[in-house]
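Enquirer: Can you keep this structure in mind? I'll have questions shortly.
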Ligand code: DMJ
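In this note's numbering, the protein residues as written are 1 to 678.
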């Protein structure tokens, strides 16, 4: 060794002993390593990396999914995909993101945990990286399979979409009621236009707009949610304004300025009912495209644009929806293909689980409420990738073990296991069941797997959850690891309609049974309205401690213009023509007019049991998309959006039944001389 003690040489040239020299050298080399390493953590480290790395040796970057974390993407390739310039554009921000989610009228800022990266561990490094299945713009314009023709599609409808006479009811009293609902829509729209144009929702008391953070950088939720309602109501001037906004201002690559995201709320509908969460302010640095709820963007924007396209044939809606659909695809890049709840709509495509969802899990009602829209995205683009994504979810759920045949609400997108045994047909679970039966109906009754899963789930629900109260009211309780919680949420009231539309195709001899069950649940939900001072229903009502369809907790007493009870009235009217459903719908109109209409729009209320109401200052976009649409349909003839041709997504956007054979026949004979039915 160089420092070996040589004869005639002192212990050290500098008067140091060997051991001291060793410690000194160790310290020196540590210092050099530290300094060198630190250079890479400086903000401008990218430039240094450029100096130290040769041109051909592009730095590996990670792209937004845990599968893809193991994938090294050369910079140039990434540039091509993102359209961004420079390496900086693809370096992921190291900030913890904490979007806020509103449960009803209350804002809860929740920490978004379980980032994809956090869940990655060397133990999973053997998993194959996900194929990058983003649909390129070229692919969207050059569909693999079919070319969708709106003309052909219209020929496949059994009835004109808007009915013989726009669904005009012959009875003058019903017509008057329908006109009233149309006036409500115009009032809600005009005020949104005056005070909140381009924002997501209207704040009718303060007369301004609300942005929220459920939709990332997307804006105009009320506009996109209203397109089809305006169109079917014949509010054509308003529809044209809305269409023009979509054409010129619906920006799918928009930027959220940081200042706009402070103190903003969202109108989430799937969130748990507890509110005592840590409020965390956003970090100052933000990814420009923000985080969006995959579920909410899908049901409102994708659903709204799809319906608008199918109803009107206007290409702009198709173009926008396919572009948006592409942006949602990275959410599926998880080890199981089960998407996470929060997605970055920007270039990274990173996704996260909701911070409040246990152990980084995904929510049944969120990943289970994509099927209808994604099948139509494939239908329009000719690209099967969208259908493949949702079929994968379906297959996984189908083969899993289910406790008592029930589907728990939380599932890990990493392990594919249930995380908690909480089962509910209300919030967190609801529209998963709805999409099973509607997938079957939308497939022209060919999707046998969806059918089987729906009726087995119904059987398990009836065996384990359906209860009769001492006062004779039928309700669907919630289930927590085998223990019943005798509560029904307002959200669960959609199930009257769902069970009704599923009555025809169940096991032999069960039709009347399902119709009765649907009617009983709808009756119970009506009771929750009629037992309140305002004749509007609370967010949740209970059947314990002497309660019968009433809220026992202060925190459950609010009403945020939700549609589910009216939705069930509409379906039950169509299925039975029992006049009571129209009467109940009219009671709701009167209550909305009396308690929710304010000078500048409609507002939710904080306590349905208080005779003097306090407003929550929010006109939810689903009020225009669902509540008013279902009321309008309730007072229309059945041929306006006939149930033979259309299924409604969970935000009440009508999507057509896919009649494959008809579409194929027509596409081989484009000029077959058939008359257009619309
Ligand atoms: C809507 O966004 C949809 O109906 C969703 O399925 C549940 N919640 C709201 C309305 O309450």
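A virtual CB, placed ideally from N, CA and C, is assigned to each residue, including glycine.
Can you give the Cα-Cα distance for residue 296 and residue 215, rounded to whole angstroms?
Expert: If you number the chain shown from 1, residue 296 lands on position 296. If you number the chain shown from 1, residue 215 lands on position 215. If I take the Cα positions, the gap works out to 7 Å.
Enquirer: How about residue 566 and residue 650: do their beta carbons lie closer than 8 Å?
Expert: Translated into the one-based positions of the chain shown, residue 566 becomes position 566. Translated into the one-based positions of the chain shown, residue 650 becomes position 650. Not closer than 8 Å, so no.
Enquirer: Looking at residue 621: is its Cβ nearer than 8 Å to the Cβ of residue 300?
Expert: By one-based count along the chain shown, residue 621 stands at place 621. By one-based count along the chain shown, residue 300 stands at place 300. The answer is yes: Cβ separation under 8 Å.
Enquirer: On the CB-based measure, 16 or more other CB atoms within 10 Å of its CB, does residue 483 come out buried or exposed?
Expert: Mapped onto the chain shown, residue 483 falls at position 483. So residue 483 ends up on the exposed side.
Enquirer: Here's the rule I'm using: 16 or more other beta-carbon atoms within 10 Å means buried, otherwise exposed. How should residue 648 be labelled?
Expert: By one-based count along the chain shown, residue 648 stands at place 648. Result: buried.
Enquirer: Tell me whether residue 654, by its Cβ, gets closer than 7 Å to a heavy atom of ligand 2.
Expert: With respect to small molecules bound, the structure shown includes ligand 1 and not ligand 2.
Enquirer: Confirm the yes/no value for this check: CB of residue 651, any heavy atom of ligand 1, distance under 7 Å.
Expert: Mapped onto the chain shown, residue 651 falls at position 651. Indeed, a heavy atom of ligand 1 lies less than 7 Å from the Cβ.
Enquirer: Hey, how far is the Cα of residue 308 from the Cα of residue 439?
Expert: Within the chain shown, residue 308 is the residue found at index 308, counting from 1. Within the chain shown, residue 439 is the residue found at index 439, counting from 1. If you take the alpha carbons of residue 308 and residue 439, they lie about 20 Å apart.
Enquirer: Three or more beta-carbon pairs under 8 Å between the region 567 to 583 and the region 496 to 514, yes or no?
Expert: As far as the Cβ criterion goes, the region 567 to 583 touches the region 496 to 514, which means the pair count is three or higher.
Enquirer: Using CA atoms only, rank isn't needed, just tell me which of 593, 526, 27 is closest to residue 581.
Expert: For the purposes of this step, residue 581 is taken as residue 581 along the chain shown, with counting starting at 1. Comparing Cα positions, the closest option is 526.
Enquirer: Residue 629 by DSSP, collapsed to three states: which one?
Expert: Counting from 1 along the chain shown, the entry for residue 629 is found at position 629. Here residue 629 sits in helix by DSSP.
Enquirer: Along the chain, where does the beta strand (DSSP E) containing residue 319 start, and where does it finish?
Expert: For this step, residue 319 is matched to residue 319 along the chain shown. Where residue 319 is concerned, there is no enclosing beta strand (DSSP E), although the alpha helix (DSSP H) it sits in stretches over 315 to 328.
Enquirer: Measure the alpha-carbon distance for residue 349 versus residue 337 and round it to whole angstroms.
Expert: Reading the chain shown from its first residue, position 349 is the one you call residue 349. Reading the chain shown from its first residue, position 337 is the one you call residue 337. Each residue's alpha carbon lies about 14 Å from the other.
Enquirer: Could you check where the alpha helix (DSSP H) with residue 387 kicks off and where it finishes?
Expert: As a position in the chain shown, residue 387 is number 387, starting the count at 1. Taken as a continuous stretch (DSSP letters only), the alpha helix (DSSP H) holding residue 387 covers 385 to 399.
Enquirer: When DSSP builds the beta bridges, which residues end up paired with residue 655?
Expert: As a first step, residue 655 must be located in the chain shown, where it is residue number 655. Paired residue(s): 647.
Enquirer: Could you give the distance in angstroms between the alpha-carbon of residue 217 and the alpha-carbon of residue 290?
Expert: Indexing the chain shown from 1 puts residue 217 at position 217. Indexing the chain shown from 1 puts residue 290 at position 290. Distance between the alpha carbons of residue 217 and residue 290: 6 Å.
Enquirer: Note down, in chain order, each residue of its chain lying with its Cβ closer than 7 Å to the Cβ of residue 471, except the 5 sequence neighbours on either side.
Expert: One-based indexing of the chain shown puts residue 471 at position 471. Taken in chain order, the residues that qualify are 548.
Enquirer: Spatial neighbours of residue 56 within its chain, please: CB distance less than 8 Å, with the 5 preceding and 5 following residues excluded, ordered by chain position.
Expert: Here residue 56 refers to the residue found at position 56 when the chain shown is read from its first residue. Residue placement at residue 56 cannot be trusted, given a pLDDT of 32 that sits under 50; what the coordinates show is reported in the next sentence. Counting only Cβ-Cβ distances below 8 Å, and skipping sequence neighbours, we find nothing.
Enquirer: Counting pairs of beta carbons, one from the region 453 to 462 and one from the region 394 to 410, are three or more of them closer than 8 Å?
Expert: In short, these stretches touch, since the Cβ pair count reaches three.
Enquirer: Is residue 299 near ligand 1, judged by its Cβ being under 7 Å from some heavy atom?
Expert: By one-based count along the chain shown, residue 299 stands at place 299. Yes, the Cβ of residue 299 comes within 7 Å of a heavy atom of ligand 1.
Enquirer: What does the alpha-carbon distance come out to for the pair residue 636 and residue 644?
Expert: Sequence index remark: in the chain shown, residue 636 carries index 636 (1-based). Sequence index remark: in the chain shown, residue 644 carries index 644 (1-based). Going by the C-alpha atoms only, they are around 16 Å apart.
Enquirer: If you pair each beta-carbon of the region 319 to 335 with each one of the region 344 to 363, do three or more pairs fall below 8 Å?
Expert: At 8 Å Cβ cutoff, the stretches touch.
Enquirer: Any heavy atom of ligand 1 inside 7 Å of the beta-carbon of residue 226?
Expert: Looking up residue 226 in the chain shown gives position 226. Because no heavy atom of ligand 1 lies under 7 Å away, the Cβ of residue 226 does not count as near it: no.
Enquirer: Could you check where the alpha helix (DSSP H) with residue 680 kicks off and where it finishes?
Expert: With the chain covering only 1 through 678, there is no way to say anything about residue 680.
Enquirer: Kindly indicate which three-state DSSP category residue 96 falls into: helix, strand or coil?
Expert: In the chain shown, the residue the question calls residue 96 occupies position 96. At residue 96 the pLDDT is 31, less than 50, meaning the model places this residue with poor confidence and gives no usable figure here.
Enquirer: Closest to residue 653 by CA distance: which of 153, 416, 563 is it?
Expert: The residue labelled residue 653 in the question sits at position 653 within the chain shown. It is 563 whose Cα lies nearest to the Cα of residue 653.
Enquirer: Would you kindly check if the distance between the Cβ of residue 658 and the Cβ of residue 375 is under 8 Å?
Expert: For the purposes of this step, residue 375 is taken as the residue at position 375 of the chain shown. For the purposes of this step, residue 658 is taken as the residue at position 658 of the chain shown. Yes, Cβ-Cβ distance for residue 375 and residue 658 is below 8 Å.
Enquirer: What is the DSSP secondary structure of residue 542, counted as helix, strand or coil?
Expert: In the chain shown, the residue the question calls residue 542 occupies position 542. If DSSP states are grouped into helix, strand and coil, residue 542 belongs with the strands.
Enquirer: Can you tell which of 445, 444, 457 has its C-alpha closest to the C-alpha of residue 429?
Expert: Start at 1 with the first residue of the chain shown, and residue 429 comes out as number 429. Minimum Cα distance to residue 429 is reached at 457.
Enquirer: Quick one: what does DSSP say residue 363 is sitting in, helix, strand or coil?
Expert: If you number the chain shown from 1, residue 363 lands on position 363. The answer is strand: DSSP assigns residue 363 an E or B state.
Enquirer: Check whether the region 596 to 608 touches the region 527 to 544, taking contact to mean three or more Cβ pairs, one atom from each stretch, closer than 8 Å.
Expert: Touching, yes, given that three or more Cβ pairs across the two stretches are closer than 8 Å.
Enquirer: Would you report the Cα separation of residue 382 and residue 372, rounded to the nearest angstrom?
Expert: Here residue 382 refers to the residue found at position 382 of the chain shown. Here residue 372 refers to the residue found at position 372 of the chain shown. So the two alpha carbons sit approximately 15 Å from each other.
Enquirer: In the DSSP assignment, find the alpha helix (DSSP H) that holds residue 232 and state where it starts and stops.
Expert: Reading the chain shown from its first residue, position 232 is the one you call residue 232. It spans 221 to 232 - the alpha helix (DSSP H) in which residue 232 sits, taken as one unbroken run.
Enquirer: So, are the CB atoms of residue 437 and residue 474 less than 8 Å apart?
Expert: One-based indexing of the chain shown puts residue 437 at position 437. One-based indexing of the chain shown puts residue 474 at position 474. Not in contact: residue 437 and residue 474 (Cβ atoms no closer than 8 Å).
Enquirer: When every heavy atom of ligand 1 is checked, does at least one fall within less than 7 Å of the C-beta of residue 680?
Expert: Nothing about residue 680 can be reported from this structure: the residues present for the chain run from 1 to 678 only.
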